[in-house]
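Enquirer: Next up is a structure, given as structure tokens.
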Amino acid sequence: MARRIADGQVLRLIKLWLKAPIEEQDGDGKRRMSGGKSNARGTPQGGVASPLLANIYMNRFLKHWRLTGRGDAFRARVVVYADDFVILSRGRAAEALAWTKAVMARLGLMLNEAKTSVRSARQERFDFLGYSFGAQHYKANGRWYLSASPSKKSIQRLKTKVGNLLAPDNNDPWPDVRDALNGFLGSWSRYFSYGTHREAFRGIDYYVSERVRDLLTRRHKMKGRGTRRFSSNVVYGERGVLRLERLPWSLAPCALR
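Residue numbers (this note's numbering): 125 to 381.
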């Protein structure tokens, strides 16, 4: 940072951000403090300066990649979003990974080993930015093809959001609940409108209709599951919930070539 910034006050502010204490929860849900004045490595997760610092370091990495001709040497391209990146290589992936580790070490960085691996995209799938990429089985004719589809984690995160919104203790008026729900579904489905997504959209639709039916059945103090009064057609019809499988961008899935 000091190579580019001459203002000592700005550098001091960045150091304060890097030394800020962080309150986190461990696996048991207990709160613990980390970071602070003794911190000598890394930036706080979600910290104000973290995205800026990540992009500064990634810029140096990408510049070195370009100047040393790694793209041609490894028959590869780098796809980057903030501090998350994928190297797409034709047959030189292991070499590209070894080179990347060495360069990152020179920058004082380490790759996250738990999230770093070499995959054959024609045989295995990998997740990036919420999508799952790689080989997918076409049930109609048994063939395999390359595709992009919502990852399992992305689907589960949406289901968790929907489940929290439609919790039993939510007493908000139905129009408010519906609008919030449609906001989740609309933005999520637009982001995942690329690639093969019909199966994921169909599963989300089923989950949403079940949760909405449970909520409305409780509100109306009905006995049973309410499958007749609040059928899927009612949920996605007069109750006004978005049906992902019927949205325009869900009708034309495409495979990667």
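Cβ coordinates follow ideal geometry from the N, Cα and C atoms, glycine included.
Can you name, in chain order, every residue of its own chain whose Cβ lies under 7 Å from the Cβ of residue 154, other than the five neighbours on each side?
Expert: Residue 154 sits at position 30 when you count from the first residue of the sequence shown. Same-chain partners within the cutoff: there are none.
Enquirer: Compare the Cα-Cα distances from residue 175 to each of 192, 208, 199, 156 and report the closest residue.
Expert: As a working note, residue 175 is residue 51 in the sequence shown. Comparing Cα-Cα distances from residue 175 to each of 192, 208, 199, 156, the minimum goes to 208.
Enquirer: Identify, in the order they occur along the chain, each residue of the same chain with its Cβ nearer than 8 Å to the Cβ of residue 262, setting aside the five sequence neighbours on each side.
Expert: Reading the sequence shown from its first residue, position 138 is the one you call residue 262. If we look at residue 262 and ignore the five residues flanking it on each side, its Cβ neighbours are 268, 269.
Enquirer: How about residue 202 and residue 211: do their beta carbons lie closer than 7 Å?
Expert: Here residue 202 corresponds to residue number 78 of the sequence shown, with the count starting at 1. Here residue 211 corresponds to residue number 87 of the sequence shown, with the count starting at 1. Yes, they are a contact pair.
Enquirer: Could you name each continuous beta strand (DSSP E) segment of 3 residues or more that falls completely within the stretch 270-355, going from the start of the chain to the end?
Expert: none
Enquirer: Could you tell me the alpha carbon to alpha carbon distance between residue 300 and residue 290, rounded to whole angstroms?
Expert: Position 176 of the sequence shown, counted from the first residue, corresponds to residue 300. Position 166 of the sequence shown, counted from the first residue, corresponds to residue 290. Roughly 11 Å between the two C-alpha positions.
Enquirer: If you measure between the beta carbons of residue 319 and residue 271, is that distance less than 7 Å?
Expert: Sequence index remark: in the sequence shown, residue 319 carries index 195 (1-based). Sequence index remark: in the sequence shown, residue 271 carries index 147 (1-based). Yes, the pair counts as a contact, with Cβ atoms nearer than the cut-off.
Enquirer: Pick from 231, 256, 142, 213: whose alpha carbon is nearest that of residue 242?
Expert: On the sequence shown, residue 242 is found 118 positions in, with the first residue counted as 1. Of the listed residues, the one whose Cα sits closest to residue 242 is 213.
Enquirer: Leaving out five residues on either side along the sequence, give the residues of the same chain with a beta carbon under 7 Å from the beta carbon of residue 359.
Expert: The residue given as residue 359 occupies position 235 in the sequence shown. Cβ within range, chain order: 333, 336, 337, 365.
Enquirer: Count the other C-beta atoms from every protein chain shown that fall within 10 angstroms of the C-beta of residue 274, then say buried if there are 16 or more, exposed otherwise.
Expert: Along the sequence shown, read from residue 1 onward, the residue named residue 274 stands at position 150. Looking at its Cβ environment, which holds 16 or more other Cβ atoms inside 10 Å, residue 274 is buried.
Enquirer: For residue 140 and residue 370, I'd like the C-alpha separation in whole angstroms.
Expert: Within the sequence shown, residue 140 is the residue found at index 16, counting from 1. Within the sequence shown, residue 370 is the residue found at index 246, counting from 1. So the alpha carbons of these two residues sit roughly 50 Å apart.
Enquirer: How do the stretch 279-298 and the stretch 229-240 stand: do at least 3 beta-carbon pairs fall below 8 Å, yes or no?
Expert: By the criterion of at least three beta-carbon pairs nearer than 8 Å, the stretch 279-298 is not in contact with the stretch 229-240.
Enquirer: Return helix, strand or coil for residue 262, following the three-state DSSP convention.
Expert: The residue you call residue 262 lines up with position 138 of the sequence shown. Correct three-state label for residue 262: coil.
Enquirer: Return helix, strand or coil for residue 369, following the three-state DSSP convention.
Expert: Residue 369 sits at position 245 when you count from the first residue of the sequence shown. Residue 369: helix per DSSP, three-state reduction.
Enquirer: In the DSSP output, which residue or residues are listed as bridge partners for residue 210?
Expert: Residue mapping note: residue 210 aligns to position 86 of the sequence shown, counting from 1. In the DSSP output, where bridge partners are listed per residue, residue 210 has 203.
Enquirer: Consult DSSP for residue 378 and reduce its assignment to one of helix, strand or coil.
Expert: For the purposes of this step, residue 378 is taken as the residue at position 254 of the sequence shown. Note that residue 378 scores a pLDDT of 49, beneath 50, so its modelled location is shaky and nothing firm can be said.
Enquirer: In the DSSP assignment, find the alpha helix (DSSP H) that holds residue 185 and state where it starts and stops.
Expert: What you label residue 185 is simply residue 61 of the sequence shown in a count that begins at 1. 174-191 is the span of the alpha helix (DSSP H), which, as asked, contains residue 185.
Enquirer: Per DSSP, which one or two residues make a beta bridge with residue 249?
Expert: By one-based count along the sequence shown, residue 249 stands at place 125. Beta-bridge pairing links residue 249 to 258.
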